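Asker: In the working numbering, the protein residues as written are 6 to 563.
C-beta: ideal position from N, C-alpha, C; glycine also.
Here the structure is a predicted model, which is why all the values come from computation and not from measurement.
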């Protein structure tokens with residue numbers, strides 16, 4: 006049993022850093038709670054050795070004839086940014102790709118330098134379809150071993166008011182297509198249909214040992230991908246529009262080894278359909294403000310991350326296992342789920358989650374509740390996230406979908422979740438809201454880390470009164486290590502929240518960390534002496550280097 010728990014912990018820690026995200030630097034806006042000071046130290050730690058290398062080995066190149074441009078908006082002590090762009094391009098070309106991309110966050114001047122240094126400009130391509138063809142050829146011919154160090158992608162200047170397309174590929178086999186330079190003031194509505202043509206996972210694994218009984222065609226007759234195909238494992242689609250959706254749909258089937266798909270900032274996108282995604286492990290959909298429905302059909306999805314309005318979700322998990330296989334790993338057994346829907350719900354929404362099996366009639370339902378609106382019942386949602394270890398949840402969504410027929414008691418193991426770290430988002434922390442949180446925590450007996458964020462812009466659902474008498478004393482969480490709270494208006498509200506959370510730690514020393522609007526952190530500490538009899542024995546004090554021991558939730562800063 007201990008070995009099993011150990012393997013589960015190792016798997017969870019690996020999940021905290023997903024290499025698929027390396028091509029997509031994290032948002033540094035204050036709304037995403039990022040700190041760029043550490044970023045500058047990290048990037049310049051990479052730049053300085055490169056600069057010294059140039060100084061030592063390229064002395065025969067004289068840069069004295071280059072006029073250093075005067076940039077009045079720069080820090081006079083920032084001597085590196087005052088260097089000519091040619092030298093900065095040379096420095097960036099010596100950096101690892103991930104570090105080179107992260108330089109875009111140093112200042113406005115650095116924003117596009119990495120593109121100028123690492124990407125080739127293409128001016129003779131006038132259509133998006135032709136650009137996609139060129140990108141396909143670039144990917145097919147991409148050689149990670151004998152590649153020039155400054156050839157990481159292409160920039161297409163499309164003209165005719167369509168802006169540009171940036172295509173870049175990283176060392177971890179991630180391809181990013183960014184159409185954001187062609188933004189439209191009034192985007193046209195469109196639908197995106199992606200039919201994946203993925204190579205099946207290892208056929209020797211347990212879940213595919215009986216596939217030969219199910220296939221209509223002999224495996225040898227299957228179409229094999231070209232031998233020179235670059236194994237792109239992660240695809241990032243940024244700002245796809247009605248002008249580029251058809252070209253993107255034609256590209257996706259040409260990436261047979263795709264395991265991760267990210268779709269972000271697609272204005273005008275109303276319907277997203279993903280079909281035959283039998284090998285896709287990770288799906289990320291972020292900030293598509295006009296999205297109304299999302300449909301997914303696959304058999305191996307492990308990670309689903311979504312940020313935006315609550316829309317109509319439809320998941321179909323195909324299970325091709327032989328009935329004798331008792332512990333099936335097919336379907337939609339998510340171990341990572343981000344449901345950040347703080348923007349609120351559309352008028353019509355559903356959560357339709359089902360698994361199709363070839364040996365049963367119809368569909369194996371993911372919902373066993375007999376309430377009137379089963380596709381809006383938390384029981385359906387609960388079963389879809391039952392094995393999730395990293396979870397993001399909004400209070401209003403939980404309260405809206407919570408069925409009165411479901412038990413609030415912690416004595417119902419069949420409703421337990423496997424959550425190890427939880428990010429809870431709300432617009433306020435009144436008594437009823439805290440009760441909702443404590444009620445949800447009854448479903449998470451193995452929780453280790455809890456992040457609570459108060460966002461005043463979060464959708465505010467009027468209290469339903471479902472939890473007013475449900476929670477008196479919260480259950481103790483034996484494995485809980487730390488609680489981090491942020492967005493609270495003042496210390497009084499922080500203390501009120503801390504009082505309700507301290508019982509979660511039981512006899513253990515409570516570790517509650519507050520992150521105000523500034524960058525300083527405060528740690529809840531027990532006072533040695535009470536100023537007044539009956540005064541609350543805890544208070545928050547400023548601390549340093551807390552994040553090194555207690556990292557943020559894996560979904561924060563995405």
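Report yes or no: do the segment 419–428 and the segment 390–398 share at least 3 C-beta pairs separated by less than 8 Å?
Answerer: yes
Asker: With 16 other CB atoms within 10 Å as the buried threshold, where does residue 343 fall?
Answerer: buried
Asker: Does residue 72 pass the burial test, meaning 16 or more other C-beta atoms within 10 Å, or should it be called exposed?
Answerer: Model confidence at residue 72 stands at a pLDDT of 49, short of 50, so the residue's coordinates are unreliable and nothing is read from them.
Asker: Give the DSSP bridge partners of residue 278, in chain order.
Answerer: 198 and 300
Asker: How would you label residue 351, buried or exposed, when you count the other beta carbons within 10 angstroms and need 16 or more for buried?
Answerer: exposed
Asker: Have a look at 96, 200, 306 and 514 and flag the residue whose alpha-carbon is nearest the alpha-carbon of residue 488.
Answerer: 514
Asker: Hey, out of 266, 315, 274 and 314, whose CA is closest to residue 307's CA?
Answerer: For the residues 266, 315, 274 and 314, the minimum Cα distance to residue 307 belongs to 266.
Asker: Residues in the same chain with beta-carbon distance under 6 Å from residue 302, minus the five sequence neighbours each way, listed in chain order, please.
Answerer: 280 and 321
Asker: Mind checking which residues open and close the alpha helix (DSSP H) that includes residue 95?
Answerer: Residues 90–98.
Asker: Apart from the five residues on each side of it in sequence, which residues of its chain come closer than 6 Å, Cβ to Cβ, to residue 171?
Answerer: 160 and 183
Asker: Cα-Cα, which of 259, 143, 562 and 430 is closest to residue 199?
Answerer: 259
Asker: So what does residue 312 bridge to, in DSSP terms?
Answerer: 291 and 345
Asker: Expressed to the nearest angstrom, what Euclidean distance is found between the alpha-carbon atoms of residue 546 and residue 516?
Answerer: 12 Å
Asker: So residue 180 and residue 240 are supposed to be a Cβ contact under 8 Å. How far apart are they, rounded?
Answerer: 5 Å
Asker: Candidates 486, 528, 471 and 359: which alpha carbon is nearest residue 496's?
Answerer: Nearest of 486, 528, 471 and 359 to residue 496, Cα basis: 528.
Asker: What residues match up with residue 393 in a beta bridge as DSSP calls it?
Answerer: Answer by DSSP bridge pairing: none, since residue 393 is not bridged.
Asker: DSSP three-state label for residue 253, please.
Answerer: helix
Asker: Which residues in the same chain have their Cβ closer than 6 Å to the Cβ of residue 36, if we skip the five residues on either side of it in sequence?
Answerer: Residue placement at residue 36 is poorly supported in this model, since its pLDDT is 40, which falls under 50; the coordinates still yield a value, given next. Cβ within range, chain order: n/a, list empty.
Asker: Tell me the rounded alpha-carbon separation between residue 544 and residue 305.
Answerer: Straight-line Cα distance between these residues: approximately 47 Å.
Asker: Where in the segment 447–532 do unbroken runs of the beta strand (DSSP E), each at least 3 residues long, occur, reported from the N-terminal end onward?
Answerer: 454–459, 487–491, 517–520 and 526–531
Asker: With 16 other CB atoms within 10 Å as the buried threshold, where does residue 470 fall?
Answerer: exposed
Asker: Can you list the alpha helix (DSSP H) stretches of 4 or more residues lying completely in the segment 100–185, in chain order?
Answerer: Along the segment 100–185, the alpha helix (DSSP H) occurs as fully enclosed runs of 4 or more residues at 102–107, 118–123 and 133–145, listed in sequence order.
Asker: Between the Cα of residue 345 and those of 400, 319, 389 and 299, spot the shortest distance and give me the residue it belongs to.
Answerer: 400
Asker: Enumerate in chain order the residues of its own chain whose CB-to-CB distance from residue 137 is below 6 Å, with the five nearest sequence positions on each side excluded.
Answerer: 252 and 256
Asker: Taking only the alpha-carbon atoms, compute the straight-line gap between residue 277 and residue 437 and give it to the nearest angstrom.
Answerer: 36 Å
Asker: Candidates 94, 90 and 176: which alpha carbon is nearest residue 103's?
Answerer: 176
Asker: Determine the DSSP secondary structure at residue 438, reduced to helix, strand or coil.
Answerer: helix
Asker: Are residue 174 and residue 158 touching if we call contact CB-CB under 8 Å?
Answerer: Cβ atoms of residue 174 and residue 158: closer than 8 Å.
Asker: Just curious, the alpha helix (DSSP H) that residue 403 is in, first and last residue?
Answerer: 400–406
Asker: Just tell me which of 461, 518 and 146 has its CA closest to the CA of residue 500.
Answerer: 518
Asker: Comparing alpha-carbon positions, which option in 313, 139 and 458 lies nearest residue 520?
Answerer: Minimum Cα distance to residue 520 is reached at 458.
Asker: When burial is assigned at 16 or more other CB atoms within 10 Å of the CB, is residue 383 buried or exposed?
Answerer: buried
Asker: Mind checking residue 120: buried by the 16 CB within 10 Å criterion, or exposed?
Answerer: buried
Asker: Residue 239 by DSSP, collapsed to three states: which one?
Answerer: strand
Asker: What span of residues does the beta strand (DSSP E) with residue 546 cover, start to end?
Answerer: 543–548
Asker: Which same chain residues end up closer than 6 Å to residue 5 when comparing Cβ atoms and leaving out the 5 residues on each side of it in sequence?
Answerer: Residue 5 cannot be examined here, being either before or after the span of the chain that is shown, 6 to 563.
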